[in-house]
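Residue numbering for the sequence shown follows our numbering, beginning at 143 and increasing consecutively. Beta carbons: idealized from backbone N, C-alpha and C, even for Gly. Since this is a predicted model, take the numbers as computed values, not measurements. I have placed the structure first, in the form of structure tokens, so that the comments after it can refer back to it.
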Amino acid sequence: MMHLSPLRRCLPPLLSLLLAATAAAQETSAPLEKVTTFQDRAAKFDAILTVPTFETTPAEVKRSVDGTLATANAALDKIGQQDLGDVAFASTVGALDDALYPVSLLSNRLNLIQQTSPDEALRDAAQAGTKAVSDWAVAADYRQDVYRAVDAYAKTEPKLEGEEARLLADTVRDYRRAGLALSEADRKEVEAMRKELASLATDFATNITKATAHVQFSRAELAGVPESFLDSSKVKTGDDEYTIAADETYQYGLVLDNARNEDTRHKVYAARDRRAADQNVPIFNRMLTLRNHIALKLGYQSWADFQTEVKMVKNGATAERFMDELIAETQPKFDAEVAGMQALKLADTQDPHDAITTWDARYYTNQIMKTRYQVDTEALRVYFPYQKVLDGMFSIYERDFGLKFTQVEAPYQWVPDLQMFVASDAASGEPLGLFYLDMFPRKGKYGHFAEFGIIDGKALPEGKYQRPAVCLVCNFPPPADGKPSLMTHDDVTTVFHEFGHALHAMLTRARFGRYAGTNVPGDFVEAPSQMLENWPLDKTVLDQFAADYRDPAKKIPTAVLDQLKAAQLATAGAYYHRQFAFAKLDLALHGPHPADEPYDCVKVSNDILAKVYLPIDPKTAFIASFGHLAGGYDAGYYGYAWARAIAADMATVFRRSPGGFMDPAVGMRLRTEIYQPGNSRDVNESIAKFLGRPRSTEPFLENDLGLKPGNPKDADSAPVGPAVK
Numbered sequence: 143m144m145h146l147s148p149l150r151r152c153l154p155p156l157l158s159l160l161l162a163a164t165a166a167a168q169e170t171s172a173p174l175e176k177v178t179t180f181q182d183r184a185a186k187f188d189a190i191l192t193v194p195t196f197e198t199t200p201a202e203v204k205r206s207v208d209g210t211l212a213t214a215n216a217a218l219d220k221i222g223q224q225d226l227g228d229v230a231f232a233s234t235v236g237a238l239d240d241a242l243y244p245v246s247l248l249s250n251r252l253n254l255i256q257q258t259s260p261d262e263a264l265r266d267a268a269q270a271g272t273k274a275v276s277d278w279a280v281a282a283d284y285r286q287d288v289y290r291a292v293d294a295y296a297k298t299e300p301k302l303e304g305e306e307a308r309l310l311a312d313t314v315r316d317y318r319r320a321g322l323a324l325s326e327a328d329r330k331e332v333e334a335m336r337k338e339l340a341s342l343a344t345d346f347a348t349n350i351t352k353a354t355a356h357v358q359f360s361r362a363e364l365a366g367v368p369e370s371f372l373d374s375s376k377v378k379t380g381d382d383e384y385t386i387a388a389d390e391t392y393q394y395g396l397v398l399d400n401a402r403n404e405d406t407r408h409k410v411y412a413a414r415d416r417r418a419a420d421q422n423v424p425i426f427n428r429m430l431t432l433r434n435h436i437a438l439k440l441g442y443q444s445w446a447d448f449q450t451e452v453k454m455v456k457n458g459a460t461a462e463r464f465m466d467e468l469i470a471e472t473q474p475k476f477d478a479e480v481a482g483m484q485a486l487k488l489a490d491t492q493d494p495h496d497a498i499t500t501w502d503a504r505y506y507t508n509q510i511m512k513t514r515y516q517v518d519t520e521a522l523r524v525y526f527p528y529q530k531v532l533d534g535m536f537s538i539y540e541r542d543f544g545l546k547f548t549q550v551e552a553p554y555q556w557v558p559d560l561q562m563f564v565a566s567d568a569a570s571g572e573p574l575g576l577f578y579l580d581m582f583p584r585k586g587k588y589g590h591f592a593e594f595g596i597i598d599g600k601a602l603p604e605g606k607y608q609r610p611a612v613c614l615v616c617n618f619p620p621p622a623d624g625k626p627s628l629m630t631h632d633d634v635t636t637v638f639h640e641f642g643h644a645l646h647a648m649l650t651r652a653r654f655g656r657y658a659g660t661n662v663p664g665d666f667v668e669a670p671s672q673m674l675e676n677w678p679l680d681k682t683v684l685d686q687f688a689a690d691y692r693d694p695a696k697k698i699p700t701a702v703l704d705q706l707k708a709a710q711l712a713t714a715g716a717y718y719h720r721q722f723a724f725a726k727l728d729l730a731l732h733g734p735h736p737a738d739e740p741y742d743c744v745k746v747s748n749d750i751l752a753k754v755y756l757p758i759d760p761k762t763a764f765i766a767s768f769g770h771l772a773g774g775y776d777a778g779y780y781g782y783a784w785a786r787a788i789a790a791d792m793a794t795v796f797r798r799s800p801g802g803f804m805d806p807a808v809g810m811r812l813r814t815e816i817y818q819p820g821n822s823r824d825v826n827e828s829i830a831k832f833l834g835r836p837r838s839t840e841p842f843l844e845n846d847l848g849l850k851p852g853n854p855k856d857a858d859s860a861p862v863g864p865a866v867k
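Below, the structure is given as structure tokens:
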């Protein structure tokens, strides 16, 4: 998942406040280092550390698109025009990776601009540019001249090893999956459908970003919601009028977690789950039709089978079975948790027929944490001021992975509070990558939490290595009214997770761009970051940075942390069943489907949400704003649970080490065996080398769900999986 414009413009009030705060901070802090210092140092390691050059006007976007695609076309022409009797790796498969690399970087930049730029016109231009690049990329797959050159080289049966052998095999497979073996008529039909699908996916994502969901309430209707939040100028919009932006994740969460009035919770939930429905429901039904037709035309039984072929799970049936087994194994725990919520609701309403609903779940989970475990998630915020969390996380990851993070001057900032850092190897000083932090919500910005790639690592033709650049795009509670940004424990877990993706991207040593960093199978990509979610539950880790901002000597008591962990286990069934419901509706929508039958994505998804999770409002259309299914997780959401199982198993290596979650020896092993290879070798091999044994699902069931599995399940007897935040 992975946007910009000149700064000199009228800024929203929040950005003005942040600009003032940033300026004040800069007056009292030391000057930032120059990025050129690190670029010069990178050159000594035969590497290039590039500061991304972002397009800042619609005209620049168009020039970049036109120029990059023209250059790429010329490179493809060269591949296609060579003598087929004189083909070599460097002139075919290697040259193709080189030709596509600048286009992927352009696509990354446009994606980031589209999701983060404060300038609407620039976001729209980036959207149009993304469509043009997507069209070009699809057409490039069908260049017969390029295919003939690659095919001619493959038929020489070259004796390749390592990454080169892998790249040839994957490229040949990609051409088969694109339909190059089909008749010309069928091939052109698949190409046209893929272009339309890519365009619709861009529209779907843009509609979500543009959608707003604002709901007005009186103070009484928001009883239970923190006073400090309600008194902020952003929320208090009248004498007794409070406007909740349900499209902003942190505002939505505050209300769903704390509002005692069920009708208030219902309205906020419904507003969020109706976002973009009018535009996106027909778009998504059309996308489902196109995906199904493409899969059938290519000889697959379903889009799920097509998508999973290149992942760890290998086919849709195995993904279905994995999810069904997890649902069955966790159903008793989930039922017991809902019964506990139901008892609390009965005490509130005195109505035994008033069932727990989707908009009740977060509130009563929070009540269970408060009443049964004495954990007040809002009260814990004082221990997690944003800057302290960030500094603490950096220090821990520096220790664990042998790194050094240095803030540098950002030559270009699309918002005033943007920060840029260089990650370096602590021992040698080698610069390894650049990362940006865009951490607070604003109008028109991507509404969740993600790491966006900008520059992928790659060995360049001239022999130097291009180091990566990435951006964290988050929506943490902003500082307001003289108070710092105070994070929930969930927020802390999220930033540890998302920065894990940045580490995965920046620490790569893969030779080819398509294998660098997080370019791994979609059902593994979340596992390394999900593993890092264990760090904020460890007392030794938290004591490095978690302290009451009003009294820095006051740390989180051990008893409180123990209760927090117990409360999370006690409510894990509800958390995971929601995730399982998303995975099941995804697989159902992308499973076998008659070619001539229309789709009703709302009915399918709503029915499964109600069956696997909790009753929903039938007037809502969650699927319309479920961006994962348009943005790369289609027939892949099962990967959250699949990866989670791998992550829990990987965490045991740290847990059992002498230094626990702050053991540098294990951290370097993770860096060497997981982060550096990326997808340059089979991830099963990388996992096995890190674990030093066959992998198991037992740690997931026991540590993440609090279950005691009767028989250990290893990778040979049961599917194992990954997860995502």
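Test item: CB-CB of residue i and residue j under 8 Å
i      : j      : result
Leu731 : Val746 : yes
Met335 : Phe543 : no
Arg837 : Ile765 : no
Phe464 : Leu628 : no
Pro841 : Ala793 : yes
Ala184 : Pro573 : yes
Glu383 : Gln358 : yes
Trp677 : Phe536 : no
Ile255 : Glu175 : no
Leu545 : Ser566 : yes
Tyr607 : Gly599 : yes
Lys487 : Tyr506 : yes
Cys616 : Val637 : yes
Asp846 : Ala716 : no
Val517 : Tyr691 : no
Ala729 : Gly458 : Residue 729 is actually Leu in this sequence, not Ala. Yes, the pair counts as a contact, with Cβ atoms nearer than the cut-off.
Ala355 : Arg414 : yes
Ala214 : Val193 : no
Val550 : Val207 : no
Boundaries of the alpha helix (DSSP H) in which residue i is found, first to last residue
i      : result
Gly236 : 235-258
Ser566 : Ser566 -> not in any alpha helix (DSSP H); beta strand (DSSP E) instead, spanning 561-567.
Leu875 : Nothing can be reported for residue 875, as the shown portion of the chain is limited to 143 through 867.
Lys204 : 200-222
Phe426 : 419-439
Thr351 : 326-352
Ile788 : 781-797
Lys409 : 404-414
Trp556 : That residue, Trp556, is in no alpha helix (DSSP H); it is neither H nor E in DSSP.
Asp685 : Unbroken run through Asp685: none, as it is neither H nor E.
Enclosing beta strand (DSSP E) for residue i [first to last residue]
i      : result
Val517 : Counting along the chain, Val517 falls outside any beta strand (DSSP E), and DSSP gives it neither H nor E.
Leu574 : 573-580
Leu545 : 545-550
Thr379 : 378-380
Lys696 : 693-697
Tyr588 : Element bounds for Tyr588: n/a, residue is neither H nor E.
Glu383 : 383-387
Expected contact under 8 Å - CB spacing of residue i and residue j to nearest Å
i      : j      : result
Pro610 : Ile597 : 5 Å
Gly659 : Gly820 : 5 Å
Leu238 : Val292 : 7 Å
For residue i, the residue or residues it bridges with in DSSP
i      : result
Tyr607 : Ala189, Ala601
Thr500 : Answer by DSSP bridge pairing: none, since Thr500 is not bridged.
His732 : BP columns for His732 are empty, so no partner.
Pro583 : Answer is none; Pro583 lacks a bridge partner.
Cys613 : Tyr578, Phe594
Leu628 : Pro527
His356 : Ala387
Asp690 : Asp693
Glu175 : Val550
Ala622 : Lys625
Is it the case that the stretch 748-755 contacts the stretch 396-409, given that we only count it when at least three CB pairs across the two stretches are under 8 Å?
no
If contact is defined by three or more beta carbon pairs under 8 Å, each pair taking one atom from either stretch, is the stretch 310-325 in contact with the stretch 431-447?
yes
Quick one: any contact between the stretch 529-539 and the stretch 512-519, if contact means 3 or more CB pairs under 8 Å?
no
Give a yes or no on contact between the stretch 336-354 and the stretch 267-278, applying the rule of three or more CB pairs nearer than 8 Å.
yes
Say whether the stretch 224-236 touches the stretch 202-210, bearing in mind that this needs 3 or more beta-carbon pairs closer than 8 Å, one atom from each stretch.
no
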